[in-house]
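Report on the structure given below.
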Amino acid sequence: MIEQPNASQLADDASLMMEGSGGEEALCYYKIYFREQGQRFTANAHLADLIPGDRVMVRMEHGIEPATIADRSPGVPAGDRAAGYPIQRRVSEEEDEKYTLLAQLEHEAFLLCKDRIQTLHLPMHLVRVERFFNGSKIIFYFTAESRVDFRELVKVLVHEFRTRIEMRQIGVRHETQMIGGIGHCGRELCCSLFLTTFDSVSIKMAKAQDLPLNPAKISGLCNRLLCCLTYEYETYKTMKKGMPRVGRQIEFEGTVYQVTRLIPLLGQVATISSQGEERVFTEEEWRSADPVLKTTTRKNISKRGKKMKADAWKDQEEAEEK
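Under the working numbering, think of the first position of the sequence shown as 29, with each following residue one higher.
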(Lines of atoms letter the chains of each structure in order from A and count residues from 1; the text may use other names and numbers.)
(Lines give C-alpha, C1' and ligand atoms only; values in the text may rest on other atoms or scores of the structure.)
Protein backbone atom coordinates (compact mmCIF):
# COMPACT_ATOMS: atom_id res chain seq x y z
CA MET A 1 0.00 0.00 0.00
CA ILE A 2 1.36 3.44 -0.99
CA GLU A 3 1.74 5.79 1.95
CA GLN A 4 0.04 9.14 1.37
CA PRO A 5 2.01 12.28 2.33
CA ASN A 6 0.66 14.11 5.35
CA ALA A 7 0.00 17.82 5.64
CA SER A 8 3.35 18.64 7.30
CA GLN A 9 5.28 16.91 4.51
CA LEU A 10 3.35 18.85 1.85
CA ALA A 11 3.97 22.10 3.70
CA ASP A 12 7.73 21.38 3.91
CA ASP A 13 7.83 20.64 0.16
CA ALA A 14 6.01 23.89 -0.59
CA SER A 15 8.36 25.93 1.64
CA LEU A 16 11.34 24.55 -0.26
CA MET A 17 9.68 25.57 -3.53
CA MET A 18 9.13 29.08 -2.23
CA GLU A 19 12.72 29.40 -1.04
CA GLY A 20 13.95 28.29 -4.44
CA SER A 21 11.86 31.00 -6.13
CA GLY A 22 13.36 33.88 -4.16
CA GLY A 23 10.76 33.91 -1.39
CA GLU A 24 7.82 34.44 -3.74
CA GLU A 25 4.66 32.44 -3.22
CA ALA A 26 4.88 29.45 -5.57
CA LEU A 27 2.14 27.51 -7.29
CA CYS A 28 1.46 23.97 -6.14
CA TYR A 29 -0.02 21.44 -8.54
CA TYR A 30 -2.60 18.79 -7.69
CA LYS A 31 -4.64 16.09 -9.40
CA ILE A 32 -8.36 16.64 -8.86
CA TYR A 33 -11.64 15.00 -9.84
CA PHE A 34 -15.15 16.45 -9.95
CA ARG A 35 -17.08 13.17 -9.72
CA GLU A 36 -16.35 9.88 -7.98
CA GLN A 37 -14.51 7.53 -10.35
CA GLY A 38 -14.30 10.43 -12.77
CA GLN A 39 -11.42 11.64 -14.88
CA ARG A 40 -8.42 13.26 -13.20
CA PHE A 41 -7.41 16.81 -14.08
CA THR A 42 -4.47 19.00 -13.13
CA ALA A 43 -5.12 22.12 -11.08
CA ASN A 44 -2.93 24.73 -9.45
CA ALA A 45 -3.19 26.60 -6.18
CA HIS A 46 -1.23 28.75 -3.75
CA LEU A 47 -2.35 26.37 -1.00
CA ALA A 48 0.55 24.16 0.02
CA ASP A 49 -1.06 21.91 2.63
CA LEU A 50 -3.82 20.21 0.59
CA ILE A 51 -3.90 16.45 0.96
CA PRO A 52 -5.84 13.68 -0.85
CA GLY A 53 -9.51 13.83 0.11
CA ASP A 54 -9.65 17.58 0.69
CA ARG A 55 -12.44 19.38 -1.13
CA VAL A 56 -11.79 22.66 -2.88
CA MET A 57 -13.57 25.16 -5.10
CA VAL A 58 -12.22 25.34 -8.66
CA ARG A 59 -12.75 28.20 -11.10
CA MET A 60 -14.49 27.04 -14.29
CA GLU A 61 -15.80 28.90 -17.34
CA HIS A 62 -19.36 28.87 -16.01
CA GLY A 63 -18.45 29.59 -12.38
CA ILE A 64 -16.93 27.73 -9.46
CA GLU A 65 -17.30 23.98 -9.03
CA PRO A 66 -16.33 21.78 -6.08
CA ALA A 67 -13.67 19.12 -6.62
CA THR A 68 -11.73 16.60 -4.56
CA ILE A 69 -7.95 16.41 -4.29
CA ALA A 70 -6.75 13.05 -5.63
CA ASP A 71 -3.00 13.46 -5.25
CA ARG A 72 -0.06 15.81 -5.56
CA SER A 73 1.14 16.52 -9.10
CA PRO A 74 4.77 17.24 -10.04
CA GLY A 75 3.69 20.10 -12.26
CA VAL A 76 3.02 20.62 -15.95
CA PRO A 77 4.89 22.12 -18.91
CA ALA A 78 4.45 25.83 -19.50
CA GLY A 79 1.32 26.63 -21.49
CA ASP A 80 -0.31 23.24 -20.90
CA ARG A 81 -4.11 23.56 -20.90
CA ALA A 82 -4.32 20.76 -18.33
CA ALA A 83 -3.24 23.28 -15.68
CA GLY A 84 -6.05 25.66 -16.57
CA TYR A 85 -8.08 24.90 -13.44
CA PRO A 86 -7.13 27.32 -10.68
CA ILE A 87 -8.13 26.31 -7.16
CA GLN A 88 -9.78 29.27 -5.46
CA ARG A 89 -10.10 28.03 -1.88
CA ARG A 90 -11.31 25.22 0.34
CA VAL A 91 -15.02 24.47 0.45
CA SER A 92 -17.11 25.81 3.28
CA GLU A 93 -19.16 23.50 5.50
CA GLU A 94 -22.37 24.47 3.69
CA GLU A 95 -20.78 23.91 0.26
CA ASP A 96 -19.45 20.54 1.38
CA GLU A 97 -22.93 19.38 2.38
CA LYS A 98 -24.37 20.61 -0.91
CA TYR A 99 -21.59 18.86 -2.86
CA THR A 100 -22.35 15.60 -1.04
CA LEU A 101 -25.98 15.81 -2.17
CA LEU A 102 -25.03 16.64 -5.77
CA ALA A 103 -24.49 12.99 -6.75
CA GLN A 104 -27.94 12.07 -5.39
CA LEU A 105 -29.59 14.91 -7.33
CA GLU A 106 -27.88 13.80 -10.53
CA HIS A 107 -29.01 10.21 -9.96
CA GLU A 108 -32.62 11.32 -9.42
CA ALA A 109 -32.46 13.42 -12.61
CA PHE A 110 -31.07 10.41 -14.47
CA LEU A 111 -33.93 8.14 -13.36
CA LEU A 112 -36.58 10.76 -14.19
CA CYS A 113 -35.15 11.45 -17.65
CA LYS A 114 -34.84 7.73 -18.39
CA ASP A 115 -38.49 7.25 -17.46
CA ARG A 116 -39.59 10.13 -19.71
CA ILE A 117 -37.54 8.71 -22.60
CA GLN A 118 -39.42 5.43 -22.31
CA THR A 119 -42.75 7.23 -22.05
CA LEU A 120 -42.07 9.24 -25.21
CA HIS A 121 -40.63 6.17 -27.00
CA LEU A 122 -37.47 8.01 -28.03
CA PRO A 123 -34.69 5.93 -29.71
CA MET A 124 -31.90 7.10 -27.40
CA HIS A 125 -29.83 5.70 -24.54
CA LEU A 126 -29.12 7.93 -21.55
CA VAL A 127 -25.51 7.69 -20.33
CA ARG A 128 -24.90 10.34 -17.68
CA VAL A 129 -26.34 13.46 -16.07
CA GLU A 130 -24.19 16.36 -14.86
CA ARG A 131 -25.64 19.17 -12.82
CA PHE A 132 -23.85 22.48 -12.31
CA PHE A 133 -23.10 23.19 -8.67
CA ASN A 134 -24.99 26.50 -8.80
CA GLY A 135 -28.00 24.74 -10.40
CA SER A 136 -27.95 26.96 -13.49
CA LYS A 137 -27.78 24.05 -15.94
CA ILE A 138 -28.20 20.28 -16.25
CA ILE A 139 -26.50 18.35 -19.07
CA PHE A 140 -27.94 15.01 -20.23
CA TYR A 141 -25.49 12.85 -22.22
CA PHE A 142 -26.98 10.20 -24.50
CA THR A 143 -26.15 7.96 -27.43
CA ALA A 144 -28.32 7.24 -30.46
CA GLU A 145 -27.89 5.65 -33.87
CA SER A 146 -29.22 8.76 -35.61
CA ARG A 147 -30.53 12.23 -34.85
CA VAL A 148 -33.33 12.35 -32.28
CA ASP A 149 -36.13 14.87 -32.01
CA PHE A 150 -36.04 15.47 -28.24
CA ARG A 151 -37.89 18.81 -28.15
CA GLU A 152 -40.82 17.35 -26.24
CA LEU A 153 -38.43 15.73 -23.78
CA VAL A 154 -36.68 19.05 -23.14
CA LYS A 155 -40.02 20.72 -22.41
CA VAL A 156 -40.80 18.06 -19.83
CA LEU A 157 -37.37 18.35 -18.19
CA VAL A 158 -37.51 22.15 -18.05
CA HIS A 159 -40.93 21.92 -16.38
CA GLU A 160 -39.57 19.42 -13.85
CA PHE A 161 -36.26 21.10 -12.93
CA ARG A 162 -36.95 24.79 -13.70
CA THR A 163 -33.46 25.36 -15.08
CA ARG A 164 -31.53 25.27 -18.37
CA ILE A 165 -31.45 21.85 -20.01
CA GLU A 166 -28.86 20.69 -22.52
CA MET A 167 -29.11 17.40 -24.41
CA ARG A 168 -25.69 16.32 -25.67
CA GLN A 169 -25.31 13.38 -28.04
CA ILE A 170 -22.02 11.50 -27.72
CA GLY A 171 -20.32 8.57 -29.47
CA VAL A 172 -19.50 5.13 -28.14
CA ARG A 173 -15.94 6.12 -27.25
CA HIS A 174 -17.16 8.98 -25.06
CA GLU A 175 -19.77 6.68 -23.57
CA THR A 176 -17.06 4.23 -22.53
CA GLN A 177 -15.00 7.13 -21.17
CA MET A 178 -17.87 8.17 -18.89
CA ILE A 179 -18.82 4.67 -17.76
CA GLY A 180 -15.23 3.47 -17.26
CA GLY A 181 -13.97 -0.08 -16.91
CA ILE A 182 -10.91 -2.34 -17.02
CA GLY A 183 -8.97 -2.86 -20.24
CA HIS A 184 -7.20 -5.92 -21.65
CA CYS A 185 -4.05 -4.89 -19.79
CA GLY A 186 -5.81 -5.22 -16.44
CA ARG A 187 -5.66 -1.50 -15.70
CA GLU A 188 -8.30 1.22 -15.71
CA LEU A 189 -9.24 2.47 -19.17
CA CYS A 190 -6.96 5.22 -20.46
CA CYS A 191 -9.92 7.26 -21.70
CA SER A 192 -11.59 7.32 -18.29
CA LEU A 193 -8.33 7.94 -16.45
CA PHE A 194 -6.33 10.61 -18.29
CA LEU A 195 -7.17 10.97 -22.00
CA THR A 196 -8.97 14.24 -22.75
CA THR A 197 -9.12 13.88 -26.56
CA PHE A 198 -9.45 10.91 -28.88
CA ASP A 199 -6.80 10.62 -31.60
CA SER A 200 -7.53 8.88 -34.87
CA VAL A 201 -6.64 5.17 -34.74
CA SER A 202 -6.25 2.96 -37.83
CA ILE A 203 -5.53 -0.70 -38.51
CA LYS A 204 -2.27 0.46 -40.10
CA MET A 205 -0.95 1.19 -36.60
CA ALA A 206 -1.56 -2.40 -35.50
CA LYS A 207 0.20 -3.72 -38.63
CA ALA A 208 3.22 -1.48 -38.04
CA GLN A 209 3.61 -2.94 -34.54
CA ASP A 210 3.19 -6.56 -35.75
CA LEU A 211 0.12 -7.02 -33.57
CA PRO A 212 -2.41 -9.79 -34.31
CA LEU A 213 -5.17 -8.43 -36.53
CA ASN A 214 -7.79 -10.13 -34.40
CA PRO A 215 -10.60 -7.63 -33.65
CA ALA A 216 -11.10 -9.12 -30.20
CA LYS A 217 -7.46 -8.40 -29.29
CA ILE A 218 -6.99 -4.93 -30.73
CA SER A 219 -10.42 -3.48 -29.87
CA GLY A 220 -11.45 -1.89 -26.59
CA LEU A 221 -14.66 -2.07 -24.59
CA CYS A 222 -16.17 0.47 -26.99
CA ASN A 223 -15.64 -1.99 -29.90
CA ARG A 224 -13.29 0.54 -31.49
CA LEU A 225 -9.56 0.15 -32.06
CA LEU A 226 -7.54 0.52 -28.86
CA CYS A 227 -6.39 4.07 -28.11
CA CYS A 228 -3.02 2.71 -26.92
CA LEU A 229 -2.18 1.69 -30.51
CA THR A 230 -1.13 5.31 -31.02
CA TYR A 231 1.34 5.37 -28.13
CA GLU A 232 4.23 3.52 -29.82
CA TYR A 233 3.23 3.87 -33.47
CA GLU A 234 5.62 6.72 -34.26
CA THR A 235 8.46 4.87 -32.51
CA TYR A 236 7.88 1.77 -34.62
CA LYS A 237 7.73 3.88 -37.79
CA THR A 238 11.05 5.50 -36.94
CA MET A 239 12.73 2.19 -36.07
CA LYS A 240 11.52 0.53 -39.28
CA LYS A 241 12.97 3.24 -41.49
CA GLY A 242 15.83 1.81 -43.52
CA MET A 243 14.89 -1.80 -42.78
CA PRO A 244 14.00 -4.05 -45.77
CA ARG A 245 10.25 -4.44 -46.14
CA VAL A 246 8.43 -7.73 -45.77
CA GLY A 247 8.42 -9.58 -49.10
CA ARG A 248 11.67 -8.03 -50.32
CA GLN A 249 14.70 -10.17 -51.12
CA ILE A 250 18.26 -9.75 -49.94
CA GLU A 251 21.44 -11.61 -50.89
CA PHE A 252 23.89 -12.64 -48.18
CA GLU A 253 26.99 -14.75 -48.77
CA GLY A 254 25.70 -15.92 -52.15
CA THR A 255 22.25 -17.00 -50.88
CA VAL A 256 19.00 -15.14 -51.58
CA TYR A 257 16.61 -14.70 -48.66
CA GLN A 258 13.07 -13.31 -48.59
CA VAL A 259 12.06 -11.09 -45.68
CA THR A 260 9.14 -12.58 -43.72
CA ARG A 261 9.05 -10.43 -40.58
CA LEU A 262 10.69 -7.39 -39.02
CA ILE A 263 11.74 -7.25 -35.36
CA PRO A 264 12.38 -3.51 -34.97
CA LEU A 265 12.87 -3.51 -31.18
CA LEU A 266 15.90 -5.79 -31.64
CA GLY A 267 16.90 -4.43 -35.04
CA GLN A 268 16.54 -7.92 -36.54
CA VAL A 269 15.03 -9.27 -39.76
CA ALA A 270 13.48 -12.75 -40.07
CA THR A 271 13.93 -14.37 -43.50
CA ILE A 272 13.58 -17.63 -45.41
CA SER A 273 15.75 -18.86 -48.25
CA SER A 274 14.59 -20.52 -51.48
CA GLN A 275 15.62 -23.86 -49.93
CA GLY A 276 13.29 -23.26 -46.98
CA GLU A 277 16.02 -22.34 -44.50
CA GLU A 278 14.85 -19.84 -41.90
CA ARG A 279 17.33 -17.29 -40.61
CA VAL A 280 17.22 -14.19 -38.43
CA PHE A 281 19.67 -11.48 -39.46
CA THR A 282 21.17 -9.05 -37.00
CA GLU A 283 21.24 -5.36 -37.93
CA GLU A 284 24.91 -5.59 -38.89
CA GLU A 285 24.23 -8.57 -41.15
CA TRP A 286 21.19 -7.27 -43.04
CA ARG A 287 22.84 -3.89 -43.55
CA SER A 288 25.82 -5.61 -45.17
CA ALA A 289 23.55 -7.75 -47.40
CA ASP A 290 22.80 -6.73 -50.99
CA PRO A 291 19.19 -5.97 -51.99
CA VAL A 292 17.85 -8.07 -54.86
CA LEU A 293 16.16 -5.78 -57.37
CA LYS A 294 13.01 -6.99 -59.10
CA THR A 295 13.22 -7.14 -62.91
CA THR A 296 10.11 -6.62 -65.02
CA THR A 297 9.53 -6.71 -68.75
CA ARG A 298 7.78 -3.55 -69.89
CA LYS A 299 7.55 -4.22 -73.66
CA ASN A 300 4.21 -6.02 -73.51
CA ILE A 301 2.63 -3.72 -70.90
CA SER A 302 0.12 -1.41 -72.55
CA LYS A 303 -1.00 1.93 -71.16
CA ARG A 304 -4.30 0.37 -70.18
CA GLY A 305 -2.46 -2.38 -68.32
CA LYS A 306 -0.42 0.21 -66.42
CA LYS A 307 -3.58 2.04 -65.40
CA MET A 308 -5.26 -1.15 -64.22
CA LYS A 309 -2.18 -2.06 -62.19
CA ALA A 310 -2.04 1.41 -60.63
CA ASP A 311 -5.75 1.24 -59.74
CA ALA A 312 -5.24 -2.16 -58.13
CA TRP A 313 -2.42 -0.81 -55.92
CA LYS A 314 -4.56 2.20 -55.01
CA ASP A 315 -7.48 -0.03 -53.97
CA GLN A 316 -5.15 -2.16 -51.88
CA GLU A 317 -3.66 0.88 -50.11
CA GLU A 318 -7.14 2.26 -49.36
CA ALA A 319 -8.20 -1.11 -47.97
CA GLU A 320 -5.14 -1.17 -45.69
CA GLU A 321 -5.88 2.34 -44.45
CA LYS A 322 -9.39 1.23 -43.47
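Note that the Cβ used here is the ideal one computed from N, Cα and C, for glycine as well.
Just so we're clear, the structure is a prediction, and the values are computed from it rather than from any experiment.
### Query
Leaving out the 5 sequence neighbours to the left and right, which residues in its chain are closer than 7 Å to Thr225 when beta-carbon positions are compared?
For this step, residue 225 is matched to residue 197 along the sequence shown. Counting only Cβ-Cβ distances below 7 Å, and skipping sequence neighbours, we find nothing.
### Message
With the cut-off set at 8 Å, would you say Asn162 and Ile115 are in Cβ contact?
### Response
Along the sequence shown, one-based indexing puts residue 162 at 134. Along the sequence shown, one-based indexing puts residue 115 at 87. Not a contact, by the Cβ cut-off of 8 Å.
### Trp314 versus Ile291 - alpha carbon distance
The residue labelled residue 314 in the question sits at position 286 within the sequence shown. The residue labelled residue 291 in the question sits at position 263 within the sequence shown. Cα to Cα, Trp314 sits roughly 12 Å from Ile291.
### Query
Residue ranges of each beta strand (DSSP E) run of no fewer than 3 residues wholly in the region 95 to 147, ordered along the chain?
113 to 118
### Message
The alpha helix (DSSP H) that contains Cys219, what's its start and end?
### Response
Walking along the sequence shown from the start, residue 219 turns up at place 191. Segment Cys218 to Leu221, the alpha helix (DSSP H) holding Cys219.
### Message
For Thr128 and Val297, what's the separation of their Cα atoms in angstroms?
### Response
Stepping through the sequence shown from its first residue, residue 128 is reached at position 100. Stepping through the sequence shown from its first residue, residue 297 is reached at position 269. The alpha-carbon atoms of Thr128 and Val297 are separated by roughly 59 Å.
### Message
If I measure Cβ to Cβ from Tyr261 and keep anything under 8 Å in the same chain, skipping five residues before and after, which residues do I get?
### Response
Here residue 261 refers to the residue found at position 233 when the sequence shown is read from its first residue. Closer than 8 Å at the Cβ level, and outside the excluded window around Tyr261, lie Met233, Ala236 and Gln237.
### Task
Specify, as a first and last residue, the run of the beta strand (DSSP E) that Val274 falls within.
The sequence position of residue 274 within the sequence shown is 246, counting from 1. Boundaries cannot be given for Val274, as no beta strand (DSSP E) includes it and DSSP labels it neither H nor E.
### Task
Throw me the rounded Cβ distance for the Ile166 and Ile207 pair, which I believe falls under 8 Å.
Start at 1 with the first residue of the sequence shown, and residue 166 comes out as number 138. Start at 1 with the first residue of the sequence shown, and residue 207 comes out as number 179. The beta-carbon separation of Ile166 and Ile207, rounded to 19 Å, does not stay under the 8 Å limit for a contact.
### Query
CB-CB under 8 Å to Arg196, same chain, minus the five flanking residues each way: which ones, in chain order?
Here residue 196 is taken as the residue at index 168 of the sequence shown, counted from 1. Around Arg196: Ile167, Phe168, Tyr169 and Phe170.
### Nearest candidate by alpha-carbon position, reference Glu125, set Leu78, Phe280, Arg83 and Leu150
As a working note, residue 125 is residue 97 in the sequence shown. Nearest option by C-alpha distance: Arg83.
### Message
Is the beta carbon of Thr266 closer than 8 Å to that of Gln286?
### Response
The residue labelled residue 286 in the question sits at position 258 within the sequence shown. The residue labelled residue 266 in the question sits at position 238 within the sequence shown. In this structure, Thr266 does not lie closer than 8 Å to Gln286 by Cβ.
### Query
Do you know how far the Cα of Glu281 is from the Cα of Glu216?
On the sequence shown, residue 216 is found 188 positions in, with the first residue counted as 1. On the sequence shown, residue 281 is found 253 positions in, with the first residue counted as 1. Those two C-alpha atoms are separated by around 51 Å.
### Query
Nearest-angstrom Cα distance between Leu253 and Ala172?
On the sequence shown, position 225 is the one that residue 253 refers to. On the sequence shown, position 144 is the one that residue 172 refers to. Cα to Cα, Leu253 sits roughly 20 Å from Ala172.
### contact_flag[the region 93 to 101, the region 53 to 67] where n(CB pairs < 8 Å) is 3 or more
yes
### Task
Below 8 Å CB to CB, which residues in the same chain sit around Val119 once its five sequence neighbours on both sides are set aside?
The residue given as residue 119 occupies position 91 in the sequence shown. Counting only Cβ-Cβ distances below 8 Å, and skipping sequence neighbours, we find Arg83, Val84, Met85, Pro94 and Tyr127.
### Task
For the alpha helix (DSSP H) containing Glu158, list its first residue and its last residue.
Counted from its first residue, the sequence shown places residue 158 at position 130. It is not in any alpha helix (DSSP H) - Glu158 instead sits in the beta strand (DSSP E) that spans His153 to Arg159.
### Message
Based on DSSP bridge pairs, tell me the residues matched to Val84.
### Response
Position 56 of the sequence shown holds residue 84. Beta-bridge pairing links Val84 to Ala95 and Arg118.
### Query
Are there 16 or more other CB atoms within 10 angstroms of the CB of Ala131, so buried, or fewer, so exposed?
Locating residue 131 in the sequence shown gives position 103, where the first residue counts as 1. So Ala131 counts as exposed.
### Task
Have a look at the DSSP bridge pairing and note the partners of Thr299.
One-based indexing of the sequence shown puts residue 299 at position 271. Answer is Val287 and Arg307.
### Query
What's the C-alpha gap between Leu311 and Glu279?
The sequence position of residue 311 within the sequence shown is 283, counting from 1. The sequence position of residue 279 within the sequence shown is 251, counting from 1. Rather than Leu, the amino acid found at residue 311 in this sequence is Glu. Rounded to whole angstroms, Glu311 to Glu279 spans 14 Å at the Cα level.
### Message
If you follow the beta strand (DSSP E) that Glu194 is in, where does it begin and where does it stop?
### Response
Sequence index remark: in the sequence shown, residue 194 carries index 166 (1-based). Its beta strand (DSSP E) spans residues Arg192 to Gln197.
### Task
Report all residues from its chain with a CB closer than 7 Å to the CB of Thr288; omit the five preceding and five following residues, and keep chain order.
Translated into the one-based positions of the sequence shown, residue 288 becomes position 260. Result list for Thr288: Val274, Ala298, Thr299 and Ile300, in chain order.
### Message
Beta-carbon within less than 8 Å of Cys141's beta-carbon, same chain only, minus the 5 sequence neighbours each way: which residues are those?
### Response
The residue you call residue 141 lines up with position 113 of the sequence shown. Excluding sequence neighbours, Cys141 sits near Leu154, Val157, Phe168, Leu181 and Leu185.
### Query
Hey, would you say Cys219 sits closer than 8 Å to Thr204, going by beta carbons?
Sequence index remark: in the sequence shown, residue 219 carries index 191 (1-based). Sequence index remark: in the sequence shown, residue 204 carries index 176 (1-based). In contact: Cys219 and Thr204 (Cβ atoms closer than 8 Å).
### Task
Would you kindly report the start and end of the unbroken beta strand (DSSP E) that includes Thr258?
Here residue 258 refers to the residue found at position 230 of the sequence shown. Taken as a continuous stretch (DSSP letters only), Thr258 belongs to no beta strand (DSSP E), as it is neither H nor E.
### Where the alpha helix (DSSP H) through Lys322 begins and ends
Within the sequence shown, numbered from 1, the residue matching residue 322 stands at position 294. First-last for Lys322: undefined, no H or E at that position.
### Task
Tell me Tyr58's beta-bridge partners as DSSP assigns them.
Mapped onto the sequence shown, residue 58 falls at position 30. Ala71 and Arg100, per the DSSP bridge assignment.
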